[in-house]
Amino acid sequence: MFVHGRSTCKRAFSLLAALAMIASPALAQDSSAQTSVWVISQGDEKVYLGGTIHLLRNSDYPLPAPFEEAYDRADELYFETDLGTINSPAFQQQVMAQLTYQDGRSLSTVLSTEAYTALQSYVNNSGLPIPMPMLESFKPGLLISTLSVLEMQKLGFTPQGVDAYFYTRAVGDGKTRGELESIEEQLTMLSRMGEGYESDYVLYSLADFEQLGSELENIVTHWRNGNTDSLSNDFIGPMREQSEVLYQELLVDRNLNWIPQIERMFEDENTELVLVGVAHMLGDDGLLEALRTRGFEVTHFNTSARGAAETGH
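Every letter in the sequence shown is one number past the one before it in our numbering, and letter 285, counting from 1, is 336.
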């Protein structure tokens, strides 16, 4: 059965590019041990910062305890964008208007012969439930995000990951919710992915799909342990080697836009939990290092050592 185009677009959009950050139930660990949750402190004020994974399986729950504890302590939750609008018909229309070619171009005219042939071969032989004609009008950002979603679904994952889980809980619990960027900003970013280097972007993305399954275990282990150095080596390094432009647009520029918003959270007495893709935490351009250089104390939130690592609300 073919996947309906707009439904697929919706799921693809929710992932953006942190698509390699997948959780695995095979990696058992103490649920209270160190994970990808940090406490950002300035005096008595605290903000919790959680590095998320956008795709999970049902068997990946419960999440590590520090995520749950940070949620319980938070008065307000902030996400990358407003997850509540993604199911609306208006959003679906925006996706199709901005992320598909509207000027007569198509993938067959934009991509090189090499890239287009590789894409055709991949689609025809991958077993994915979407035909090539349905993809023809997709811009590269939507194309690769859509194919990534479908590859993850082949492995049993769905977009109901950490972000969606806590958004649903926050709605049910009546907690205040906010976002760091608008839907329009995310759509604009996604529409520009691969712009000017479309063929290279498609070719190295297709090559990544071939290695996806074999690379997940290391990435997942490091995410669950909050090991930012290893995650940087596994994820940020290869990403920068493939495309410095994509790294800048997808991570660096957005981090720079988010940092002032996080700083303003220290101006009130509420406790905030900020949930964004874990890739945004990593490296010299990541949120953690940026906040350190601005004078904030940054520590792992470890519920098994709560008294030593972090106390109070």
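Beta carbons: idealized from backbone N, C-alpha and C, even for Gly.
- About 20 angstroms separates the CB atoms of Arg243 and Glu187; that is not less than 8 angstroms, and the two are not in contact.
- DSSP, read as helix, strand or coil, puts Leu106 in strand.
- In the three-state reduction of the DSSP assignment, Ser159 falls in the helix class.
- A straight-line Cα-Cα distance of about 10 angstroms links Leu194 and Leu170.
- Residues of the same chain with a CB within less than 8 angstroms of the CB of Leu162, apart from the 5 flanking positions on each side, are Leu170, Glu249, Ser250 and Val253 in chain order.
- In summary, Glu235 is exposed, with fewer than 16 beta-carbon neighbours lying within 10 Å of its beta-carbon over all protein chains present.
- Apart from sequence neighbours up to five positions away, the residues of its chain that approach Gln93 with a beta-carbon distance below 6 angstroms are Phe317 and Phe347, ordered along the chain.
- With contacts defined as CB atoms closer than 8 angstroms, Ala341 and Ile310 qualify as a contacting pair.
- A Cβ-Cβ contact shorter than 8 angstroms links Trp89 with Thr350.
- In the DSSP assignment, Phe142 falls within the alpha helix (DSSP H) that extends over Pro140 to Leu150.
- In this structure, DSSP gives Ser92 an extended state, which the three-state scheme calls strand.
- Residue pairing from DSSP leaves Gly337 without any beta-bridge partner.
- In the structure shown, the three-state DSSP call for Phe217 is helix.
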